[in-house]
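Novice: Those sequence lines, one after another, are chains A and B. Heads up, the first sequence is in the numbering used here, so the first residue is 2 and it goes up one at a time. Heads up, the second sequence is in the numbering used here, so the first residue is 2 and it goes up one at a time. Virtual Cβ for every residue (Gly too), placed ideally from N, Cα, C. Since this is a predicted model, take the numbers as computed values, not measurements.
There are 2 protein chains.
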Amino acid sequence: MEARHLRYALALAEHEHFGRAAAALGIAQPPLSKQIADLEREVGARLFERTRQGVFPTAAGEAFLARARRALDEMAAAVSDAGRAARGETGRLRLGFIASALLDPLPGVLHRFGRERPDVRLELHEMASSRSSAALIAGELDVAITLGPPRGAGAERLVSVPIGHDYLVAVVSTAHPLAGRPEVRVEQLRRQRLIVAASEDEPAVSAGLRALLGRDSPALAGATVARDVHTIVGLAASGVGVGLGPSRMLAAPRQGTWFCEVVPRTPLPDLVLSFAARDTSPVLTAFLDTIRRNCPTVGAALDHRLRAAAPPSE
Amino acid sequence: MEARHLRYALALAEHEHFGRAAAALGIAQPPLSKQIADLEREVGARLFERTRQGVFPTAAGEAFLARARRALDEMAAAVSDAGRAARGETGRLRLGFIASALLDPLPGVLHRFGRERPDVRLELHEMASSRSSAALIAGELDVAITLGPPRGAGAERLVSVPIGHDYLVAVVSTAHPLAGRPEVRVEQLRRQRLIVAASEDEPAVSAGLRALLGRDSPALAGATVARDVHTIVGLAASGVGVGLGPSRMLAAPRQGTWFCEVVPRTPLPDLVLSFAARDTSPVLTAFLDTIRRNCPTVGAALDHRLRAAAPPSE
DNA sequence: CTCGGCGATACACAGCAGGTATAAAGGACG
DNA sequence: CGTCCTTTATACCTGCTGTGTATCGCCGAG
Numbered sequence: 002m003e004a005r006h007l008r009y010a011l012a013l014a015e016h017e018h019f020g021r022a023a024a025a026l027g028i029a030q031p032p033l034s035k036q037i038a039d040l041e042r043e044v045g046a047r048l049f050e051r052t053r054q055g056v057f058p059t060a061a062g063e064a065f066l067a068r069a070r071r072a073l074d075e076m077a078a079a080v081s082d083a084g085r086a087a088r089g090e091t092g093r094l095r096l097g098f099i100a101s102a103l104l105d106p107l108p109g110v111l112h113r114f115g116r117e118r119p120d121v122r123l124e125l126h127e128m129a130s131s132r133s134s135a136a137l138i139a140g141e142l143d144v145a146i147t148l149g150p151p152r153g154a155g156a157e158r159l160v161s162v163p164i165g166h167d168y169l170v171a172v173v174s175t176a177h178p179l180a181g182r183p184e185v186r187v188e189q190l191r192r193q194r195l196i197v198a199a200s201e202d203e204p205a206v207s208a209g210l211r212a213l214l215g216r217d218s219p220a221l222a223g224a225t226v227a228r229d230v231h232t233i234v235g236l237a238a239s240g241v242g243v244g245l246g247p248s249r250m251l252a253a254p255r256q257g258t259w260f261c262e263v264v265p266r267t268p269l270p271d272l273v274l275s276f277a278a279r280d281t282s283p284v285l286t287a288f289l290d291t292i293r294r295n296c297p298t299v300g301a302a303l304d305h306r307l308r309a310a311a312p313p314s315e
Numbered sequence: 002m003e004a005r006h007l008r009y010a011l012a013l014a015e016h017e018h019f020g021r022a023a024a025a026l027g028i029a030q031p032p033l034s035k036q037i038a039d040l041e042r043e044v045g046a047r048l049f050e051r052t053r054q055g056v057f058p059t060a061a062g063e064a065f066l067a068r069a070r071r072a073l074d075e076m077a078a079a080v081s082d083a084g085r086a087a088r089g090e091t092g093r094l095r096l097g098f099i100a101s102a103l104l105d106p107l108p109g110v111l112h113r114f115g116r117e118r119p120d121v122r123l124e125l126h127e128m129a130s131s132r133s134s135a136a137l138i139a140g141e142l143d144v145a146i147t148l149g150p151p152r153g154a155g156a157e158r159l160v161s162v163p164i165g166h167d168y169l170v171a172v173v174s175t176a177h178p179l180a181g182r183p184e185v186r187v188e189q190l191r192r193q194r195l196i197v198a199a200s201e202d203e204p205a206v207s208a209g210l211r212a213l214l215g216r217d218s219p220a221l222a223g224a225t226v227a228r229d230v231h232t233i234v235g236l237a238a239s240g241v242g243v244g245l246g247p248s249r250m251l252a253a254p255r256q257g258t259w260f261c262e263v264v265p266r267t268p269l270p271d272l273v274l275s276f277a278a279r280d281t282s283p284v285l286t287a288f289l290d291t292i293r294r295n296c297p298t299v300g301a302a303l304d305h306r307l308r309a310a311a312p313p314s315e
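1) Helix or strand or just coil, what does DSSP make of A:G27?
2) Report, in whole angstroms, the separation of the C-beta atoms of A:D82 and A:G165, which I expect to be a contact under 8 angstroms.
3) Under 9 angstroms, do B:V162 and B:L94 count as touching if we go by C-beta distance?
4) For A:P268 and A:R88, what's the separation of their Cα atoms in angstroms?
5) Please report how far the alpha carbon of B:E17 lies from the alpha carbon of A:R279, in whole angstroms.
6) Counting along the chain, where does the alpha helix (DSSP H) carrying A:E15 start and finish?
7) Based on the DSSP output, what are the partners of B:S275 in its beta bridges?
8) Using 8 angstroms for Cβ pairs, my map puts A:E75 next to A:D120. What's the rounded Cβ distance?
9) Which whole-angstrom value describes the C-beta separation of B:E117 and B:T225, a residue pair presumed to lie in contact below a C-beta threshold of 8 angstroms?
10) DSSP three-state call for B:S218: helix, strand or coil?
11) So with Cβ pairs under 9 angstroms, would you call B:P119 a contact of chain A?
12) If you draw a straight line from the alpha carbon of B:L73 to that of A:V44, how long is it in whole angstroms?
13) Using CA atoms only, rank isn't needed, just tell me which of A:L96, A:I196 and A:A22 is closest to A:V317.
14) Residues of chain A with CB closer than 7 angstroms to the CB of B:D82, please, in chain order.
15) Counting only the same chain and skipping the five closest in sequence on each side, list residues whose C-beta sits under 8 angstroms from that of B:R132.
16) Could you pull the DSSP bridge partners for B:E201 from this structure?
17) Could you list which residues in chain A have their beta carbon closer than 7 angstroms to that of B:S34, in chain order?
18) Using three-state DSSP, classify B:R42 as helix, strand or coil.
19) So if I threshold CB-CB distances at 8 angstroms, which residues from the region 254-285 of chain B count as touching chain A?
20) Verify the CB distance criterion: does B:E43 have a CB-CB separation below 9 angstroms to chain A?
21) For the beta strand (DSSP E) holding A:P119, just list the boundary residues, first then last.
22) Thinking just about the alpha-carbon of each residue, which of A:E124, A:Q189, A:R21 and A:T298 is nearest to the one in A:S218?
23) What are the start and end residues of each continuous alpha helix (DSSP H) run of 4 or more residues lying completely inside the region 226-281 of chain A, in chain order?
24) I need the DSSP call for A:I196, collapsed to helix, strand or coil.
25) What are the residues that DSSP puts in a beta bridge with A:T286?
26) Looking at the structure shown, is A:L179 part of a helix, part of a strand, or coil, going by DSSP?
27) Report yes if the C-beta distance between B:E203 and B:L245 is below 9 angstroms; otherwise report no.
28) List the residues of chain B whose Cβ lies closer than 7 angstroms to the Cβ of A:G92, in chain order.
29) Within a Cβ cutoff of 8 angstroms, which residues of the same chain sit near A:L13, ignoring the five residues on either side of it in sequence?
30) Do we get a CB-CB distance below 9 angstroms when we pair B:E15 with the residues of chain A?
31) Between B:E75 and chain A, is the shortest Cβ-Cβ distance under 9 angstroms, so that the two count as touching?
32) Please decide whether B:E3 counts as near chain A, where near means a Cβ-Cβ distance under 9 angstroms.
33) Helix, strand or coil for A:R93, going by three-state DSSP, please let me know.
34) Use the C-beta contact count for A:E41: other C-beta atoms within 10 angstroms, 16 or more gives buried, fewer gives exposed.
35) For the beta strand (DSSP E) containing B:G55, name the first residue and the last one.
36) Do the CB positions of A:V284 and A:G115 come within less than 9 angstroms of each other?
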């Protein structure tokens, strides 16, 4: 039994007449008679009652037609759904990201992507860079935003693009002596109560701080440790001390805080976007396109990938 | 797009390998490749990712396959449902009947039919014989149980079979003077307060009573009129008078009542089963078969019809 | 009784599903 | 780094079957 039989039976039920149903189907009447006969033989029951007044479905025919309609609807929906999925209008995107990404690139990107692709289910997982990388390699994520490029086994199968350069910035409460000053020198920081990110989550950042302040700096040893950048800002705002974090903090200023540039300017690991080199899924492509349009400075780096994923122009 | 494409795509998704999927389908590998290619061209999206490790559905493929599974399920259900309907296992039977039929043949018939055809929806409509006949002719009923054969325009297109012979019986309360007596003579009835059926509903019965008791019998003129036989019995049981009804009342005796045969024995119109001569629906056939097995005396009359409706033995 | 309309049947043809042979691609391995 | 092997795609042929044309059989209308 093929979909053709269903289409023919439905047409016959609609027109109640072999000749007109055949005409509507664009075929001659005899083939329609034969196909209906074949269908009835296969089903094992007479589906239509042929009378002088017209052709009408039997009880078995009614039962058959109801299911046939649904079957054809499902087939049409299969094509439609596949098309939408292929165009990236539906689907799922699992994004792993470091918390500080919520300061700068993510708000705009997520807002834009959610508006352009309302039927894509976004799964957001805040996690440390190393976990993001591992999950990406294991296929548990589709995209990751990390500090610095992914390392370790399997990282060569990822594509990584820097999406922002950062440098060290200090944040204090507006009640703090440093408030109002445009900058703070590294030597001054050594004498402050510091608030820094946990070393186990982002070792690169911690190593950079150690290099800047001195390997065994007592300020660093006595620093308050926070799990993410939001906590650093929050603690600083409540007067706990001087928070140290990425310049991206400037993108989302918080009431009651003051930011000082650290002199000399100290670069931090780049914010990096990564994904599986093999992954050509349209949802990922659409997301990368949104990233490109949202972060103009990194456009060129992604253009190559977007061209590669584009469907072959016939 | 045909059902074949869905079956092939599902097999390919299951086996993740063109060669093995083709073998499972009983075809060679190249045709499968071609059919899948044709399908992808028609859908307008790549549905499977061919890798060294195997063949896996893309996001579009997953969306397609989910719908394809449901479409094929519907097709299988269409055949199954049609078969069940053709065998009369499902469907609907609209039965019109006179209330007194609930006394004798219907309880057994309905119980048996409901047990044998649990998925057939029985629509029971108690109505006067004339309304049953009209509804049957109009196609608003499938079967009717009436008093006497249907009359009027279109009745020739019905088949009618008597399913029980009745005679007049009197019913009284056990406190009534007639209680305990096996019979009552017609002359005695003329002196009783009578309870009879409404003449407008079953004119044949009323005419018979008039003939029996005398055209303008005062007993009949002063009789209590009830809409159906159950009411007659109920009124008699509560001492209102002597109820007159069909001998079928004996089949469902009621606490506190006493039945007397009326002498001389007075035949009443037969209980008649009718249905459209053209109606060969399996549900009706099954119902007629139940009637035949439940009313052995009328078996022969229905055998002919049941043979006519039987599927042609190949 | 004839005519007209409709579905079924007969038969020829062409289009396509499916078969065989083989190419192409891409790892595995010496 | 070349060879082999596995797997999918392509090429080409064949046979089935879906479709078209012609015609029959049936039945009701006039």
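Specialist: Taking the structure as given:
1) Secondary structure at A:G27: coil, using DSSP grouped into helix, strand and coil.
2) Cβ atoms of A:D82 and A:G165 stay farther apart than 8 angstroms, at about 36 angstroms.
3) Not closer than 9 angstroms, so no.
4) Counting only the Cα atoms, A:R88 lies some 39 angstroms from A:P268.
5) So the alpha carbons of these two residues sit roughly 18 angstroms apart.
6) Bounds of the alpha helix (DSSP H) holding A:E15 are A4 to H16.
7) By DSSP's assignment, B:S275 forms a beta bridge with B:A145 and B:S161.
8) Not a contact, Cβ separation roughly 19 angstroms.
9) That belief does not hold up - the Cβ atoms of B:E117 and B:T225 are roughly 41 angstroms apart, past 8 angstroms.
10) Secondary structure of B:S218 (DSSP, three-state): coil.
11) Not an interface residue.
12) Straight-line Cα distance between these residues: approximately 15 angstroms.
13) Because chain A is modelled from 2 through 315, residue 317 of chain A falls outside the range shown and cannot be assessed.
14) Correct list: A64, F65 and R68.
15) The answer, listed in chain order, is G97.
16) B:E201 is not bridged to any residue.
17) Under the 7 angstroms cutoff, chain A gives no residues; its nearest Cβ is about 18 angstroms from B:S34.
18) B:R42 carries a helical assignment under DSSP once its states are collapsed to helix, strand and coil.
19) The residues in question are S282, P283 and V284.
20) True, the Cβ-Cβ gap to chain A drops below 9 angstroms.
21) Segment: none, A:P119 is in no beta strand (DSSP E) and carries neither H nor E.
22) A:S218 has its Cα closest to that of A:Q189, out of A:E124, A:Q189, A:R21 and A:T298.
23) Runs of the alpha helix (DSSP H) inside the region 226-281 of chain A: 230-238.
24) In the displayed model, A:I196 falls within a strand according to three-state DSSP.
25) BP columns for A:T286 are empty, so no partner.
26) Three-state result, A:L179: coil.
27) No.
28) Near A:G92 (Cβ distances below 7 angstroms), the residues of chain B are A60.
29) Excluding residues within five positions, the ones whose Cβ falls inside 8 angstroms are F19, A22, L33, I37, F49 and V56.
30) With 9 angstroms as the cut-off, B:E15 does not count as an interface residue toward chain A.
31) Answer yes: the Cβ-Cβ gap between B:E75 and chain A drops below 9 angstroms somewhere.
32) At least one beta carbon of chain A lies nearer than 9 angstroms to the beta carbon of B:E3.
33) Assigned with DSSP and collapsed to three states, A:R93 falls in strand.
34) So A:E41 ends up on the buried side.
35) Looking at the DSSP string, the run of the beta strand (DSSP E) that includes B:G55 is G55 to P58.
36) No, these two residues do not count as a Cβ contact at 9 angstroms.
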